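**Student:**
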Amino acid sequence: MHIKALKWFCLWLTMVPLASHLEAKVTKSVFGSMPDGTKVEIYTLEDGALKARIMTYGARVVSLEVPDRTGKVADIVLGYDSLDGYLSDPKSYFGAIVGRYGNRIANATFSLDGKRYHLPVNDGPNTLHGGLVGFDKLVWKGEEIPNGVQLTLVSKDGDQGFPGTLTARVRYTLEPHALRIEYIATTDKDTVLNLTNHSYFNLAGEGHGTILNHVVTIPADRYTPVNATLIPTGQLAPVAGTPLDFHQPTPIGARINDDNEQLRLARGYDHNFVLNGKTSIMQVAASVKEPTTGRVLTVETTQPGVQFYSGNFLDGTLHGKKGHVYVQHAGLCLETQHFPDSPNHPQFPTAELKPNQTYHEVTVFKFSTAP
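This is the structure we're talking about:
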C-alpha cells in the first residue's frame with residue numbers, strides 16, 4: 000500500500016470507533032414546581048430513535064419513545080403530561096424509583112442487629128415501596144453525565160423508620176437501543192435497601208388498550224408465593240404446572256383468569272420470580288413481545304428477582320397522557336429487585352447494607368423488533 004494511502008487508512012481506523020460510539024444528546028428544562036416552590040427538572044436523553052425523559056421528582060421515567068418494526072415511534076410507558084398529574088396520584092408509582100425498600104415489608108416492621116424497626120403502614124397491614132413518603136415522592140438532585148443523568152438523594156437516619164443516613168445515586172443512560180439504570184448507595188449505619196424502577200410498559204404505546212396480548216418469557220424455575228396481603232410465605236415454589244410458568248413465550252391473557260389461588264389473591268400477576276442465574280451477574284430477567292407492532296423488550300439485571308405485575312389495580316379512574324384512560328391491565332411492570340419482605344425471611348438473599356459496603360445493581364431495558 001502506498002505510504003500516503005496507508006496514513007489515510009490508519010486515520011480512518013482511529014475515526015471508526017468514535018463514529019460508532021457517539022454520545023447521546025442530553026438536555027435539561029424545568030418540568031414544574033412542588034407545592035413548596037422547589038423546582039422539578041426534566042432531562043431529555045436522545046440516541047437515534049430512542050428518547051427518554053427523566054424527571055427529578057421521584058427520579059421517574061416520564062416517557063420512553065421507541066420505534067416499532069416499521070420505524071414508527073411511540074411512547075411506551077404510562078404516566079402524565081404534567082407534574083400535577085404525578086403529585087395527585089400517590090398510589091400508581093408511574094416510572095418512579097421506589098425505596099428505601101421497594102415492594103412490601105410484612106406488618107410494617109423488621110429486625111436488624113437485634114433491634115426492632117417500625118415503618119409507616121400504607122398497604123393493608125404492610126409497608127409498600129418505602130412508606131408514606133418514599134423515594135418516589137421526593138425531589139432528587141439531577142446532574143448531567145455522559146449519555147444521561149445522575150440523580151442523587153440523601154435519606155436521613157430514621158427516614159420512614161429506616162436506620163442509617165443513606166446516600167443513593169441512580170444513573171439513567173442511553174446505550175444503543177437500550178436504557179440502562181445503575182443504582183449505587185452507601186450508608187453510615189446498618190440498614191436494609193431495595194431499589195427498583197416502577198415503569199409501566201405498554202409496547203403498543205401507552206393508552207393503546209391492554210397488555211393482555213403481550214407475549215412474556217421469564218427464565219425462572221421458582222417464584223415466591225404470597226398470602227392474602229401479598230406478603231411472601233417464605234417458600235420458593237416451582238412454577239412448573241402453574242399459570243406462573245413463563246419458560247415458554249406466553250400471552251399474558253392466556254392464563255390470567257385461571258382457577259388459581261395465587262392469581263385470585265393478586266387479581267392477576269403480581270409475583271416475584273426467582274431468577275436462575277447467579278446474583279450480581281447480568282442475566283436476562285424477562286422478555287416481552289407485542290405482536291401488532293413487533294416491539295420487543297428484554298430486561299437484563301444483576302438482581303436476584305423480578306416482580307411481574309400485570310397492572311391489576313388500574314381501574315379506569317386515572318387519566319394519563321393526552322387524557323388516556325388507564326384501564327385494568329393497561330400496563331405491565333418488570334421490577335428487578337431483591338425479594339419482597341426479605342428482612343423478615345433470613346433464607347432469602349440478604350437486603351442488608353453495611354457502612355463498609357457499596358450497594359451496586361444494574362438493570363438494562365433493551366429494545367428490538369420482531370417480524
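Read in order, the letters of the sequence shown correspond to residues 0 to 370 in numbering that gives the first Met the number 0.
We put the beta carbon where it would ideally sit given N, CA and C, even for glycine.
Being a predicted model, the structure only gives us computed values, none of them experimental.
1. Within 8 Å, do at least three Cβ pairs link the stretch 352-361 to the stretch 117-135?
2. Using 10 angstroms around the beta-carbon of His-246, count the other beta-carbons present and answer buried if the total reaches 16, otherwise exposed.
3. Measuring CB to CB, does Gly-78 end up less than 9 Å from Gly-94?
4. Buried or exposed: Glu-260, going by 16 or more other Cβ atoms within 10 Å of its Cβ?
5. I'd like to know whether the C-beta atoms of Leu-82 and Asn-102 end up nearer to each other than 9 Å.
6. Within the same chain, show all residues whose beta-carbon is closer than 8 Å to that of Leu-264, passing over the 5 residues directly before and after it, in chain order.
7. According to DSSP, which residues form a beta bridge with Gln-149?
8. Grab the span of the alpha helix (DSSP H) containing Leu-21 for me, first residue to last.
9. Could you please give me the residues that DSSP links to Tyr-116 through a beta bridge?
10. Residues in the same chain with beta-carbon distance under 6 Å from Arg-266, minus the five sequence neighbours each way, listed in chain order, please.
11. Taking the alpha carbon of Lys-277 as the reference point, which residue from Thr-26, Tyr-199, His-337 and Arg-294 has its own alpha carbon closest?
12. What residue range does the beta strand (DSSP E) around Leu-229 cover?
13. Compute the beta-carbon to beta-carbon distance between Val-305 and Leu-274, rounded to the nearest angstrom, for a pair I have assumed lies under 8 Å.
14. In chain order, what are the residue ranges of uninterrupted alpha helix (DSSP H) at least 4 long that sit wholly in the stretch 324-365?
15. If you reduce the DSSP assignment to three classes, tell me which class Gln-282 lands in.
16. Contact between the stretch 50-63 and the stretch 131-140: three or more CB pairs below 8 Å?
17. In three-state DSSP terms, what is Arg-263?
18. Which residue wins for smallest C-alpha separation from Pro-66, given the options Glu-289, Gly-330 and Asp-88?
19. On the premise that Leu-313 lies in contact with His-328, defined as a C-beta separation below 8 Å, what is that separation, rounded to the nearest angstrom?
20. Look at the alpha carbon of Val-324 and the alpha carbon of Pro-89, and state the distance between them as a whole number of angstroms.
21. Whose C-beta lies closer than 8 Å to the C-beta of Gly-315 among residues of the same chain, with five residues either side of it excluded?
22. Do Ala-203 and Lys-365 have their C-beta atoms within less than 9 Å of each other?
23. Cβ atoms of Pro-345 and Ala-284: under 9 Å apart, would you say?
24. Assuming contact is defined by CB atoms lying nearer than 9 Å, are Gly-147 and Arg-168 in contact in what I supplied?
25. Under DSSP, the alpha helix (DSSP H) around Asp-83 begins and ends at which residues?
26. Assign Leu-131 to buried or exposed, taking buried as 16 or more other Cβ atoms, counted over all protein chains shown, within 10 Å of its Cβ.
27. Distance, Cα to Cα, Arg-221 vs Pro-231?
28. Per DSSP, what are the beta-bridge partners of Lys-50 in this structure?
29. Do Leu-243 and Asp-189 come within 9 Å of each other at the CB atom, strictly closer than that value?
30. In chain order, what residues of the same chain lie with their CB nearer than 6 Å to the CB of Val-361, ignoring the 5 residues before and after it?
31. Can you tell me the Cα-Cα spacing of Leu-12 and Leu-173, whole angstroms?
32. Could you tell me whether the Cβ atoms of Ile-104 and Asn-343 are closer together than 9 Å?
33. Please name the residue, chosen from Asp-156, Ser-279, Val-214 and Gly-240, that lies closest to Gly-252 on a Cα-to-Cα basis.
34. Among the candidates Leu-296, Leu-192, Thr-69 and His-359, whose CA atom is the shortest distance from the CA of Thr-216?
35. Whose C-alpha, out of Ile-280, Lys-321, Gly-129 and Lys-320, is nearest the C-alpha of Pro-303?
36. Can you say whether Glu-205 is buried or exposed, counting buried as having 16 or more other CB atoms within 10 angstroms of its CB?
**Tutor:** A quick look at the data gives this:
1. no
2. Here residue 246 refers to the residue found at position 247 when the sequence shown is read from its first residue. So His-246 ends up on the exposed side.
3. On the sequence shown, residue 78 is found 79 positions in, with the first residue counted as 1. On the sequence shown, residue 94 is found 95 positions in, with the first residue counted as 1. In contact: Gly-78 and Gly-94 (Cβ atoms closer than 9 Å).
4. Here residue 260 refers to the residue found at position 261 of the sequence shown. Exposed is the call here.
5. Numbered from 1 along the sequence shown, position 83 holds the residue referred to as residue 82. Numbered from 1 along the sequence shown, position 103 holds the residue referred to as residue 102. No, they are not a contact pair.
6. In the sequence shown, residue 264 corresponds to position 265, counting from 1. Result list for Leu-264: Val-225, Asn-226, Ala-227 and Leu-229, in chain order.
7. Here residue 149 corresponds to residue number 150 of the sequence shown, with the count starting at 1. BP columns for Gln-149 point to Glu-142 and Arg-170.
8. Counted from its first residue, the sequence shown places residue 21 at position 22. Unbroken run through Leu-21: none, as it is neither H nor E.
9. For the purposes of this step, residue 116 is taken as the residue at position 117 of the sequence shown. DSSP, once it has assigned bridges, lists Phe-109 as partnering Tyr-116.
10. Residue mapping note: residue 266 aligns to position 267 of the sequence shown, counting from 1. Closer than 6 Å at the Cβ level, and outside the excluded window around Arg-266, lie Asn-311.
11. Along the sequence shown, one-based indexing puts residue 277 at 278. Of the candidates Thr-26, Tyr-199, His-337 and Arg-294, the one whose C-alpha sits nearest the C-alpha of Lys-277 is His-337.
12. The count along the sequence shown starts at 1 and reaches residue 229 at position 230. Segment: none, Leu-229 is in no beta strand (DSSP E) and carries neither H nor E.
13. Walking along the sequence shown from the start, residue 305 turns up at place 306. Walking along the sequence shown from the start, residue 274 turns up at place 275. That pair is a contact at about 7 Å.
14. none
15. Here residue 282 refers to the residue found at position 283 of the sequence shown. Reduced to three states, the DSSP call for Gln-282 is strand.
16. yes
17. Counting from one through the sequence shown, the residue named residue 263 turns up at place 264. Of the three classes helix, strand and coil, the one that applies to Arg-263 here is helix, per DSSP.
18. In the sequence shown, the residue the question calls residue 66 occupies position 67. Selected option, being the one with the closest Cα: Glu-289.
19. Taking the sequence shown and counting its residues from 1, one reaches residue 328 at position 329. Taking the sequence shown and counting its residues from 1, one reaches residue 313 at position 314. At roughly 7 Å, the Cβ-Cβ gap stays under 8 Å, so His-328 and Leu-313 are in contact.
20. By one-based count along the sequence shown, residue 324 stands at place 325. By one-based count along the sequence shown, residue 89 stands at place 90. Their Cα atoms are separated by approximately 17 Å.
21. As a first step, residue 315 is located in the sequence shown; it is residue number 316 there, counting from the start. So the list reads Val-324, Tyr-325, Val-326 and Gln-327, once near-sequence residues are dropped.
22. In the sequence shown, residue 203 corresponds to position 204, counting from 1. In the sequence shown, residue 365 corresponds to position 366, counting from 1. At a Cβ-Cβ threshold of 9 Å, Ala-203 and Lys-365 do not count as neighbours.
23. Here residue 284 refers to the residue found at position 285 of the sequence shown. Here residue 345 refers to the residue found at position 346 of the sequence shown. No, the pair does not count as a contact, with Cβ atoms beyond the cut-off.
24. Here residue 147 corresponds to residue number 148 of the sequence shown, with the count starting at 1. Here residue 168 corresponds to residue number 169 of the sequence shown, with the count starting at 1. No, the Cβ-Cβ distance between Gly-147 and Arg-168 is not below 9 Å.
25. Translated into positions along the sequence shown, residue 83 becomes position 84. From DSSP, the alpha helix (DSSP H) with Asp-83 extends over 82-86.
26. One-based indexing of the sequence shown puts residue 131 at position 132. By the neighbour-count rule (16 or more Cβ atoms within 10 Å), Leu-131 is not buried but exposed.
27. Taking the first residue of the sequence shown as 1, we reach residue 221 at position 222. Taking the first residue of the sequence shown as 1, we reach residue 231 at position 232. If you take the alpha carbons of Arg-221 and Pro-231, they lie about 13 Å apart.
28. Taking the first residue of the sequence shown as 1, we reach residue 50 at position 51. Its beta-bridge partners are Glu-45 and Glu-64.
29. Taking the sequence shown and counting its residues from 1, one reaches residue 189 at position 190. Taking the sequence shown and counting its residues from 1, one reaches residue 243 at position 244. No, they are not a contact pair.
30. Numbered from 1 along the sequence shown, position 362 holds the residue referred to as residue 361. Within the same chain, Val-361 has close Cβ partners Glu-181 and Thr-301.
31. Residue 12 sits at position 13 when you count from the first residue of the sequence shown. Residue 173 sits at position 174 when you count from the first residue of the sequence shown. With a pLDDT of only 39 at Leu-12, under the threshold of 50, the placement of this residue in the model should not be trusted, and no figure is reported.
32. Position 105 of the sequence shown, counted from the first residue, corresponds to residue 104. Position 344 of the sequence shown, counted from the first residue, corresponds to residue 343. In contact: Ile-104 and Asn-343 (Cβ atoms closer than 9 Å).
33. Indexing the sequence shown from 1 puts residue 252 at position 253. The option with the nearest alpha carbon to Gly-252 is Val-214.
34. Here residue 216 corresponds to residue number 217 of the sequence shown, with the count starting at 1. The option with the nearest alpha carbon to Thr-216 is Leu-296.
35. Taking the first residue of the sequence shown as position 1, residue 303 is located at position 304. Residue Ile-280 is the option with its Cα nearest to Pro-303.
36. The residue labelled residue 205 in the question sits at position 206 within the sequence shown. Buried, by the Cβ-count rule.
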